[in-house]
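Chemist:
This is the structure:
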């Protein structure tokens, strides 16, 4: 690249986005990206690829742990874009804007692949089907590659032809972060600092006997009496990454989330105790009389099934609400594939050739067929399974792209449930059942779910590249590298966690801690209902579904509330704390107004993202240590750990200190001013 080209590219990078970046174009008007088509700037370089892959692996591990624990994953795109800007200053030649887009795109594959994996893969462990690590990685990889391949032909429609018609909220945020990256160095340092603080904090509290992770206040006589007489138990999981998650969710969503937990633990559990406390026989699905159950046993035996029904119904409601979008997306996909536009010479409008896309789909189909053959199913089931996988992945790619472009919310839960239900109904008629049927359907659904999650995230990458001037073909090629890295990291992380945790709910006699994995629990319940003859708790499922219907009638967020019912109260209460902290910081930002207020809000979000990333990584590191034969939680133990009043008080004090760290860190610039 010539010196003149470098200088012009540098000038372009220091500018703002064009005025028509977010506006519909007038007839005859065209959009000119920040780095124009005739400009050259470093883009697909070893630096951008290696940093993208490294960040992808880190955020994949953190997001997998986060999603399995509380049902909410990490948003990777914005934190990675901030880190990319900070890392750009570490080199003699500062990374170009296009390189930072590549880093963000490769790293962003982490959240997408994890979102697809956690819906299904943990269910295989809940069903005691013991998938091989290679199978878990392949399911993620196959689905992710299909998602990339099927969204490429849609790029021109969503990104160019509909310019200004879709808001693309996430792509807008990432683009603004990358373009206004002069403050990126300090932001990246702040993010890394919060990551280290939360990583150390959560590592010690979840791995060793230093202070209590869970606060139940049972050392207070009133709380102990309330638990014994009414089965009302308070729980609080005092760890950093849940605090960060609550902050990012915001007060409104955190209130709805915690409201589900309050209803489950302080209404449904005491109600079931009141009705069953005088019974001497067990009521299905419980295995012991209610009169002999603790609050936790009542919750796991009955209330969690109500939560499952509520989440399933919320997913179905999401599908119904999206029917218009789904129908439009299908017509878009079919029209684009029938009338494929010829390749353009312009660098900023150059895709991977269609012949390469078709070859990739065929190679993927062959690999998936070989995977299904290993499960020893009939040829009819094999053919139908392959057909369903490709059809669902193809059509749902356009649905996900449309949803992300419009609202930044991917209807993954509803689409995955629809895949499980339709696949089960169809394949059962061809003799598929039992454990083989469960494994087959969950593997199929895992590929489809990963495909639609990756396709939704990838359309964000392509829109960001369109605004800033990346080469689409370069983004498309390197996305496969990101998917490969994320698939390997996600699959192996789930295998690791499966060896050190229990997914779903605690099994009597198993000492391992529990990861709730709420999405996978829903899929497990669905596939068991279709593939086995075990009795299904339809009444409890139905009660949960009716709760969702009531919430929808009231115009409330049913999915978030349903997750609150399903997840333990110990996870929802610290989320509420994070929501309140976010509210207080944002109020201070609003009072400061202008640029100081914007800095306060920005620093608060960065600190919360660091708590999420660091806390999740600390938890995963602790899980890895548990694989060592010599590991014992008592290897590091404080003298006061066994004394509940002291240990829980210390835990509460340290958690408050963590809140103060976020508060003071967010206001630091304002105080300095």
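Residue numbers (our numbering): 2 to 674. Where is the CB? At the ideal position from N, CA and C, for every residue including glycine. None of the values given here were measured: they were computed from a predicted structure.
Could you tell me which residues DSSP pairs with residue 210 in its beta bridges?
Modeler: DSSP output for residue 210 lists 638 as bridge partner(s).
Chemist: Identify which residue in 393, 116, 440, 220 has its Cα closest to the Cα of residue 136.
Modeler: Nearest of 393, 116, 440, 220 to residue 136, Cα basis: 440.
Chemist: Consult DSSP for residue 266 and reduce its assignment to one of helix, strand or coil.
Modeler: Here residue 266 sits in helix by DSSP.
Chemist: What residue range does the alpha helix (DSSP H) around residue 462 cover?
Modeler: Unbroken alpha helix (DSSP H) run through residue 462: 435-469.
Chemist: Classify residue 343: buried if its beta carbon has 16 or more other beta carbons within 10 angstroms, exposed otherwise.
Modeler: The predicted model places residue 343 with a pLDDT of 47, which falls under 50 and marks its position as unreliable, so this point remains unresolved.
Chemist: How big is the Cα-Cα spacing for residue 401 and residue 419?
Modeler: For residue 401 and residue 419, the distance between alpha carbons rounds to 14 Å.
Chemist: Cutting at 6 Å between CB atoms, please list the residues of its own chain near residue 373, excluding the five before and the five after it.
Modeler: Cβ within range, chain order: 383, 386.
Chemist: Given residue 12, which residues of its chain have a CB within under 8 Å of its CB, disregarding the five upstream and five downstream residues?
Modeler: Residue placement at residue 12 cannot be trusted, given a pLDDT of 46 that sits under 50; what the coordinates show is reported in the next sentence. Counting only Cβ-Cβ distances below 8 Å, and skipping sequence neighbours, we find nothing.
Chemist: Name the one or two DSSP bridge partners that residue 215 has.
Modeler: In the DSSP output, where bridge partners are listed per residue, residue 215 has 238.
Chemist: Leaving out five residues on either side along the sequence, give the residues of the same chain with a beta carbon under 6 Å from the beta carbon of residue 635.
Modeler: Only 210 meet the Cβ criterion.
Chemist: Pick out whichever of 223, 416, 107 has its Cα sitting closest to the Cα of residue 451.
Modeler: Of the candidates 223, 416, 107, the one whose C-alpha sits nearest the C-alpha of residue 451 is 416.
Chemist: Terminal residues of the continuous alpha helix (DSSP H) containing residue 610?
Modeler: First-last of the alpha helix (DSSP H) with residue 610: 595-626.
Chemist: For residue 578, count neighbouring C-beta atoms within 10 Å of its own C-beta (all shown protein chains included) and say buried if the count is 16 or more, exposed if not.
Modeler: Classification of residue 578: buried, given that the 10 Å Cβ count is 16 or more.
Chemist: How long is the line joining the alpha carbons of residue 642 and residue 214, rounded to whole angstroms?
Modeler: When rounded, the distance between both Cα atoms is 11 Å.
Chemist: State the DSSP-derived secondary structure class of residue 41, mapped to helix, strand or coil.
Modeler: Reduced to three states, the DSSP call for residue 41 is coil.
Chemist: Excluding the 5 residues preceding and the 5 following residue 258 in the sequence, name in chain order all residues of the same chain whose CB lies nearer than 6 Å to its CB.
Modeler: Excluding residues within five positions, the ones whose Cβ falls inside 6 Å are 561, 565, 573, 576.
Chemist: DSSP three-state label for residue 119, please.
Modeler: In this structure, residue 119 counts as coil in the three-state DSSP scheme.
Chemist: Going by CA-CA distance only, name the one from 403, 264, 246 that's closest to residue 158.
Modeler: If we check each option's Cα against that of residue 158, 403 comes out closest.
Chemist: Taking C-beta to C-beta, are residue 141 and residue 107 nearer than 8 Å?
Modeler: It is not a contact, given that the beta carbons lie outside the stated cut-off.
Chemist: If you count every other CB in all the chains shown that lies within 10 Å of the CB of residue 162, and 16 or more means buried, which is it?
Modeler: The residue is exposed, with fewer than 16 neighbouring Cβ atoms inside 10 Å.
Chemist: Would you call the segment 189-209 and the segment 35-51 touching, i.e. three or more CB-CB distances under 8 Å?
Modeler: No: the two stretches stay apart, fewer than three of their Cβ pairs being nearer than 8 Å.
Chemist: Pull up the distance between the alpha-carbon of residue 360 and that of residue 150, whole angstroms please.
Modeler: Rounded to whole angstroms, residue 360 to residue 150 spans 10 Å at the Cα level.
Chemist: Count the other CB atoms, across all protein chains shown, that sit within 10 Å of the CB of residue 375; report buried if there are 16 or more and exposed otherwise.
Modeler: Exposed.
Chemist: What are the partner residues of residue 503, as DSSP defines its beta bridges?
Modeler: Looking at the DSSP assignment, residue 503 forms a beta bridge with 515.
Chemist: How far does the alpha helix (DSSP H) with residue 559 in it extend, from its first residue to its last?
Modeler: From DSSP, the alpha helix (DSSP H) with residue 559 extends over 559-567.
Chemist: Keeping to the same chain, check which residues put their C-beta closer than 8 Å to that of residue 582; ignore five residues upstream and five downstream.
Modeler: 244, 247, 248, 660, 663, 664, listed in sequence order.
Chemist: Counting Cβ pairs, one atom from each stretch, are 3 or more of them under 8 Å apart for the segment 421-434 and the segment 363-371?
Modeler: Cβ pair count under 8 Å is below three, so no.
Chemist: For the alpha helix (DSSP H) that residue 22 lies in, which residues bound it at each end?
Modeler: Premise fails: residue 22 is in no alpha helix (DSSP H) and is neither H nor E.
Chemist: Determine, using beta-carbon pairs with one atom in the segment 119-138 and one in the segment 90-102, whether at least three such pairs fall under 8 Å.
Modeler: Short answer: they don't touch.
Chemist: Assign residue 234 to one of two classes, buried (16 or more other C-beta atoms within 10 Å of its C-beta) or exposed (fewer than that).
Modeler: Residue 234 is buried by the Cβ-count criterion.
Chemist: My output table needs one value for residue 542: the three-state DSSP class, helix, strand or coil.
Modeler: Helix at residue 542.
Chemist: Using beta-carbon positions only, say whether residue 545 and residue 270 come within less than 8 Å of one another.
Modeler: Cβ atoms of residue 545 and residue 270: not closer than 8 Å.
Chemist: Please list, in chain order, all residues of the same chain as residue 330 whose beta carbon is under 8 Å from its beta carbon, the five residues on each side excluded.
Modeler: The predicted model places residue 330 with a pLDDT of 49, which falls under 50 and marks its position as unreliable; any figure quoted below should be read in that light. Contacts found: 396, 399, 400, 402, 403.
Chemist: Could you say if the segment 468-482 and the segment 41-51 meet the contact criterion of at least three C-beta pairs nearer than 8 Å?
Modeler: Yes, since at least three Cβ pairs between the segment 468-482 and the segment 41-51 fall closer than 8 Å, the two stretches touch.
Chemist: Alpha carbon to alpha carbon, how far is residue 24 from residue 86?
Modeler: The straight-line gap from Cα to Cα measures roughly 27 Å.
Chemist: Helix, strand or coil: which one does DSSP assign to residue 300?
Modeler: Note: residue 300 maps to helix in three-state DSSP.
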